[in-house]
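Those letters in the sequence shown? Residues 2 to 304, by this note's numbering. Shown next, in structure tokens, is the structure this report addresses.
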Amino acid sequence: MLTKEFMVKRMQAMRPQVQAALDKLLDDMECDGAPADFIEKVALPLPSLVISIMLGVPYEDHADLQEWSRDRQNLSLAPEKLNEAARNMEAYISKLLRQKELDPGDGEDLLSRMAIEWINPGKLSHQDAVQMGVLLYLAGHETTANLIGLGLVSLLQHPEQKEALIANPLLARGAAEEMLRFHSITHMNSNRVATQDVEIGGHLIRKGEGVLALLHAANHDPEVFTSPESFDIHRETKDQAHVAFSFGIHQCLGQPLARLELHVVFETIFRRFPTLQLAIPLEELDYKRNVFVFGLNSLPVTW
């Protein structure tokens, strides 16, 4: 149903919008001056703005959705706060969808096209569409934001790779794949139950037992990757066969969008801020705890 919405060709058509959104965020960060929190100023709002454009969320509302999204994925919050964020988000998407169902226009955004092609003809219920809208926003926002922040830290830790990227912005594509492989921010998103006895690596998994597929472990397998614990944006293509987006028919729908955002960010950031560096010691960075995906709470930078 949604595969065509995230085809590479459609995503590439969004490149000017992604670039414009990033340029505005970087302009604002520069205007506000150093030091700055890169997560707050760029990494978090960029994917929020982009997925809002895709879904047809008015610009003035994206900050609320961004806050609810962060709260929904923060397991350190009280259950009441988590539930409140979930209710607010679903209520907002439901109201927006109702508006699209009544007046979808020419289907210029994803929710409008869902109304025209699926909801109004009776092929999809309103509530199911709401859940899809919520999932699309959650998946298209927080994960990419976390990877942008972690990817920047990795490049700042490897100045020779940062300089190579400045000299050749086309390396941003290889850098994006290495960030996806190296960080694998959704460490544990594949929970399954064995349907039969199976032996893997000399260990017997019995029918009915639970299985947690650790993508991070797969992406750091020394039998697949050369020096898997090393961050290297120059890896050969054959050494980039990661499963950060999972694999097969259930792989991540939005991976072309995530890749586009990573490419644009890392083709641009060091051109705009060639002296960008951490504003605090590396060991003082504040990492997230008790969340679905790995990332940074903040990333102080200067230039």
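C-beta atoms are modelled at their ideal positions from N, C-alpha and C, and glycine is treated no differently. For clarity, every value in this text was computed on a predicted model and none was experimentally measured.
Contacts around residue i, its chain only, beta-carbon distance under 8 Å, and the 5 residues preceding and following it disregarded
i, result
"residue 57", "97, 101, 109, 110, 111, 112, 113"
CA nearest to the CA of residue i, picked from the options
i, options, result
"residue 18", "278, 258, 304", "258"
"residue 149", "23, 15, 7", "23"
"residue 46", "94, 27, 83, 33", "27"
"residue 277", "223, 92, 289, 157", "157"
"residue 147", "119, 262, 115", "262"
"residue 168", "85, 301, 268", "268"
"residue 154", "279, 304, 21", "279"
Coil, strand or helix - residue i by DSSP
i, result
"residue 211", "strand"
"residue 121", "coil"
"residue 37", "strand"
"residue 151", "helix"
"residue 205", "strand"
"residue 182", "helix"
"residue 220", "coil"
Spatial neighbours of residue i in its chain, beta-carbon cut-off 7 Å, leaving aside the 5 residues before and after
i, result
"residue 209", "194, 195"
"residue 172", "165, 166, 234"
"residue 7", "254, 255, 257, 258"
"residue 86", "69, 72, 73"
"residue 94", "131, 134, 135"
"residue 260", "177"
6 Å CB neighbourhood of residue i in its chain, flanking five on each side removed
i, result
"residue 55", "111"
"residue 299", "38, 40, 287"
"residue 207", "198"
"residue 117", "105, 108"
Bridge partners - residue i, DSSP secondary structure assignment
i, result
"residue 288", "297"
"residue 303", "278"
"residue 192", "213"
Checklist entry - Between the stretch 32 to 39 and the stretch 62 to 82, do at least 3 Cβ pairs fall closer than 8 Å? => result Output reads no: the stretch 62 to 82 does not touch the stretch 32 to 39.
Checklist entry - Touch check for the stretch 243 to 252 and the stretch 209 to 227: three-plus C-beta pairs under 8 Å? => result Touching, yes, given that three or more Cβ pairs across the two stretches are closer than 8 Å.
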